[in-house]
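In our numbering, the protein residues as written are 27 to 202.
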């Protein structure tokens, strides 16, 4: 089973380097082109299903890469709920603390790292059980991809999950 994980195409918020989370933003023209390029990459690959976040930027990215592959939507792929940090520039918070699994800071409204990690781990276990042997694409957000990266590679000893950077429409591939 192959699992391909793709971040949605560029949005205005991404271009301004803000924490988007669950803001329902649209793709820029550049984001549309990025998604079309990913579609070309998958054109000759056997993909059984695309599972996408239900937010517009992911839905359009999934549609542009689908090549007629069925698409379903899952709230489990919604981005991290940034709560009080939604729309805030990334450089205005301590990003390493915000993404530290060991510290697991409980914010007033923002989703904690462990809550997010557990949500993503549960989804992967469900996918393995339900779609065993299938090739699946997940279209989602950078925070989900960050957690998936460490789910498959292991959490570092210091707990900091901010080391990996995820570009728009970047493809991560995992063998399950």
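Each residue gets a CB set at the ideal place from its N, CA and C atoms; glycine is no exception.
Under 7 Å between C-beta atoms of residue i and residue j
i, j, result
"residue 29", "residue 200", "yes"
"residue 96", "residue 81", "no"
"residue 33", "residue 168", "yes"
"residue 106", "residue 134", "no"
"residue 91", "residue 121", "no"
"residue 51", "residue 39", "yes"
Residues sharing a beta bridge with residue i, DSSP
i, result
"residue 124", "For residue 124, which the question treats as bridged, DSSP gives no partner whatsoever."
"residue 166", "33"
"residue 28", "201"
"residue 115", "44"
"residue 78", "99, 165"
"residue 174", "In DSSP, residue 174 forms no bridge with anything."
Cα-Cα separation between residue i and residue j, rounded to whole angstroms
i, j, result
"residue 132", "residue 198", "29 Å"
"residue 62", "residue 41", "18 Å"
"residue 100", "residue 165", "10 Å"
"residue 176", "residue 141", "14 Å"
"residue 117", "residue 190", "16 Å"
"residue 49", "residue 104", "10 Å"
"residue 55", "residue 70", "25 Å"
"residue 113", "residue 194", "18 Å"
"residue 94", "residue 184", "43 Å"
"residue 72", "residue 89", "16 Å"
CB-CB length for residue i against residue j, believed under 8 Å
i, j, result
"residue 46", "residue 115", "Actually they do not touch by this definition, with Cβ atoms about 11 Å apart."
"residue 57", "residue 35", "3 Å"
"residue 171", "residue 192", "5 Å"
Close Cβ partners of residue i (< 7 Å) along its chain, the five nearest in sequence each way excluded
i, result
"residue 145", "102"
"residue 139", "125, 126, 127, 130, 187"
"residue 150", "177"
"residue 202", "27, 29, 154"
"residue 111", "45, 119, 136"
"residue 147", "177"
Chain-order list of residues whose beta-carbon lies under 6 Å from that of residue i (same chain, five-residue window excluded)
i, result
"residue 87", "34, 35, 61, 165"
"residue 181", "127"
Same chain, Cβ closer than 8 Å to residue i, five either side skipped, listed in chain order
i, result
"residue 84", "34, 78, 103, 165, 166, 167"
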